[in-house]
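In the UniProt record's numbering, the protein residues as written are 1 to 322.
From the three backbone atoms N, C-alpha and C, an ideal C-beta is built for every residue, glycine too.
See below for the structure under consideration.
Below you can see the structure in the form of structure tokens.
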């Protein structure tokens, strides 16, 4: 605390006792542990009375007993990013970072997300929802090959397969179906991959500089996201100003359409043949690891990792009135 200026020290004290929630029970537990450890250290370095709490190993009764004044959610995937934890925090009366129950739930469901975006006239790749009775041959004929097959409620590219020939469709479906009740098949858009980090809520929501992702052989999988240095990132992305502005605009519109708030990240593909951007998905509790893209975009705008964590924490609130 002695190294902080008086204004920062006053704000840190005003936050009260802060819980940093990470770990959890999802398939992304390992990444969440890395994110949460970084956030915890950053907040403590800014004088915040921050404490680790792992909902995957401790109960909601223990969370209530800690008497946190607010919490920073650094959980990814199910039971942390899908609205279930947000609902529990609303019931416990603990202000929290990020989106509320509905936006978290919808954002975690890639199918419902697409339905909302299409209703708002926002561009997203064509898709089909599959189950055990679906005709995979008809889906492939409609969407064309290659196509992408994924479980709609997982993140970090878990369970995703690029299908390049009809013979591989069934195995890709089975892989995704092992993780989810329904399966999303999506038109494959050939082009460059980008992401847009967003801070704020409603009319005040703003996009940070666009990040381009260049993965080995175009394979931005779990390993290349978090555990290798082979993937290259460019921020701000090398784009014409008008195209970058359009990409940021539709990302903010996509974020607002779902009712997201606090912070998030929207993934975008830029189709090679006509330079048209397509929305892929939204992340309502993005990664905060050393490889993560929201901190990278913030740095490009002159916001340090530590200041980013404080800004996100500052937005923590209960979303339900009464």
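Using the Cβ count rule (16 or more neighbours within 10 Å means buried), how would you classify residue 109?
buried
Can you grab the Cα-Cα spacing for the pair residue 290 / residue 235, in whole Å?
15 Å
Do the segment 62–79 and the segment 234–254 touch if we need at least three Cβ pairs shorter than 8 Å?
no
Spatial distance of residue 200 from residue 315 (CA atoms)
8 Å
Below 7 Å CB to CB, which residues in the same chain sit around residue 117 once its five sequence neighbours on both sides are set aside?
124, 254, 257 and 279
Distance, residue 21 Cα to residue 180 Cα
Cα to Cα, residue 180 sits roughly 25 Å from residue 21.
In angstroms with no decimal places, state the Cα-to-Cα distance between residue 145 and residue 88.
42 Å
With three or more C-beta pairs closer than 8 Å as the rule, is the segment 205–217 touching the segment 292–304?
yes
In its own chain, which residues sit with a C-beta less than 7 Å from the C-beta of residue 129, not counting the 5 before and 5 after it?
111, 182 and 184
Cβ-based burial, residue 82 [other Cβ within 10 Å; buried from 16]
buried
Is residue 113 helix, strand or coil when you go by DSSP?
helix
For residue 307, collect the residues of the same chain with a Cβ closer than 7 Å to its Cβ; drop the 5 residues on either side in sequence, then sort them by chain order.
none
Drop a sphere of 10 angstroms on the beta-carbon of residue 216, count the other beta-carbons inside from all chains shown, and report buried for 16 or more, exposed for fewer.
Under the 10 Å beta carbon count, residue 216 is surrounded by fewer than 16 other beta carbons and is classified as exposed.
Residue 119, DSSP secondary structure in three states
helix
Between the C-alpha atoms of residue 67 and residue 17, what's the straight-line distance to the nearest angstrom?
8 Å
In three-state terms, what does DSSP make of residue 234?
strand
Exposed unless 16 or more other CB atoms sit within 10 angstroms - verdict on residue 55
It counts as buried.
Residue from 230, 11 and 275 whose Cα sits closest to the Cα of residue 311
11
Specify whether the segment 262–276 and the segment 88–103 touch according to this definition: at least 3 beta carbon pairs, one from each stretch, less than 8 Å apart.
Touching, yes.
When burial is assigned at 16 or more other CB atoms within 10 Å of the CB, is residue 114 buried or exposed?
buried
Thinking C-alpha only, which one of 41, 281 and 196 is nearest residue 246?
Closest by alpha carbon: 196.
Could you have a look at residue 186 and say whether DSSP puts it in helix, strand or coil?
strand
Boundaries (first-last residue) of the beta strand (DSSP E) holding residue 53:
49–53
Based on Cα-Cα distance, which residue from 69, 60 and 305 lies nearest to residue 84?
Looking only at 69, 60 and 305, the smallest Cα-Cα distance to residue 84 is reached by 60.
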